[in-house]
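Report on the following structure.
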Amino acid sequence: VVEEGGLRIESQAGPVATSGLVIQPGGQLRLISAGTTVTPAQHNFGGGIIEIGGTGRGGDPLASPEQGILGAMRYDPISPDSTAGLLNPLSLTAATHLHVEGASNFLHLHGEITGNDHLISKTGSGTLTLIAASPNASPISVLAGTLSINNNYPAPISLVHDDAILTGTGSTGPISGVG
Numbered sequence: 013v014v015e016e017g018g019l020r021i022e023s024q025a026g027p028v029a030t031s032g033l034v035i036q037p038g039g040q041l042r043l044i045s046a047g048t049t050v051t052p053a054q055h056n057f058g059g060g061i062i063e064i065g066g067t068g069r070g071g072d073p074l075a076s077p078e079q080g081i082l083g084a085m086r087y088d089p090i091s092p093d094s095t096a097g098l099l100n101p102l103s104l105t106a107a108t109h110l111h112v113e114g115a116s117n118f119l120h121l122h123g124e125i126t127g128n129d130h131l132i133s134k135t136g137s138g139t140l141t142l143i144a145a146s147p148n149a150s151p152i153s154v155l156a157g158t159l160s161i162n163n164n165y166p167a168p169i170s171l172v173h174d175d176a177i178l179t180g181t182g183s184t185g186p187i188s189g190v191g
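Take the sequence shown: its letter number 135 is residue 147 in our numbering, and every next letter is one higher.
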């Protein structure tokens with residue numbers, strides 16, 4: 013359980029003998045592994061569900077700018093042009109920010125996302141790819157960067173800013189916004 017601060021995971025390390033993780037508001041799961049598009053860094057936290065909610069870890073963003081606070085889940089790799097995948101399903105316990113730092117970075121979520129109507133806010137200039145079908149999907153607001161949907165994600169998608177991008181080979185609910 014991460015109640016405040018962050019759990020920083022490097023490389024493909026991670027607890028494998030766990031039934032899942034809980035990231036509460038004020039906490040952050042921070043993935044910093046640097047994989048490639050051919051061999052992405054893969055994370056699997058024991059195969060269990062990751063319960064997640066909140067906007068990121070608390071604190072003053074100016075106190076340590078290299079340690080970003082945005083995102084209850086944050087992909088901020090140690091080198092640019094990086095790709096990582098998370099194999100676990102996500103269960104949203106509150107409105108949740110998912111952050112991908114750096115326009116040339118990609119985070120692929122392979123597990124189903126559930127959480128009723130808890131809003132997902134996609135932040136950061138990188139690309140977040142949703143791979144699994146999520147029949148009980150939550151609405152998504154894309155505040156920055158790219159959201160790629162590659163399966164059935166029947167919830168509404170809102171492109172909040174001009175530079176917000178929606179792409180992919182899947183289907184979504186209603187699309188709105190200015191991106």
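Don't be surprised by glycine CBs; every beta carbon is placed ideally from N, CA and C. This structure is a prediction, so every number in the text was calculated from the model and none was measured.
Of all the beta strand (DSSP E) runs that stay within the bounds of the segment 127-190, which reach a length of 3 or more residues?
Positions of the beta strand (DSSP E) runs, each at least 3 residues long and wholly inside the segment 127-190, are given as 132-135, 139-142, 152-154, 158-161, 169-171, 177-179 and 187-189 in order along the chain.
Rounded to whole angstroms, what's the CA-CA distance from LEU142 to ILE90? Just pull it up for me.
22 Å
Which class does HIS122 belong to by DSSP, given the choice of helix, strand or coil?
coil
Nearest to ALA144 (by Cα), restricted to the options ASP175, GLY138, THR184 and HIS109
THR184
Nearest neighbour of SER133, chosen from THR126, ILE125 and PRO151 [CA to CA]
Of the candidates THR126, ILE125 and PRO151, the one whose C-alpha sits nearest the C-alpha of SER133 is PRO151.
Cutting at 7 Å between CB atoms, please list the residues of its own chain near ARG69, excluding the five before and the five after it.
Closer than 7 Å at Cβ, skipping near neighbours: GLU16, GLY17, GLY18, GLY38, GLY39, GLN40 and ILE81.
What does the alpha-carbon distance come out to for the pair GLU113 and SER137?
GLU113 and SER137 have their C-alpha atoms spaced approximately 6 Å apart.
Taking just the CA atoms, how far does LEU104 sit from GLY65?
6 Å
Proximity to GLU63 [Cα-Cα], best of ILE21, GLY123, GLY32 and VAL172:
GLY32
Beta-carbon within less than 6 Å of THR108's beta-carbon, same chain only, minus the 5 sequence neighbours each way: which residues are those?
ILE64, GLY65, ALA84 and ILE132, listed in sequence order.
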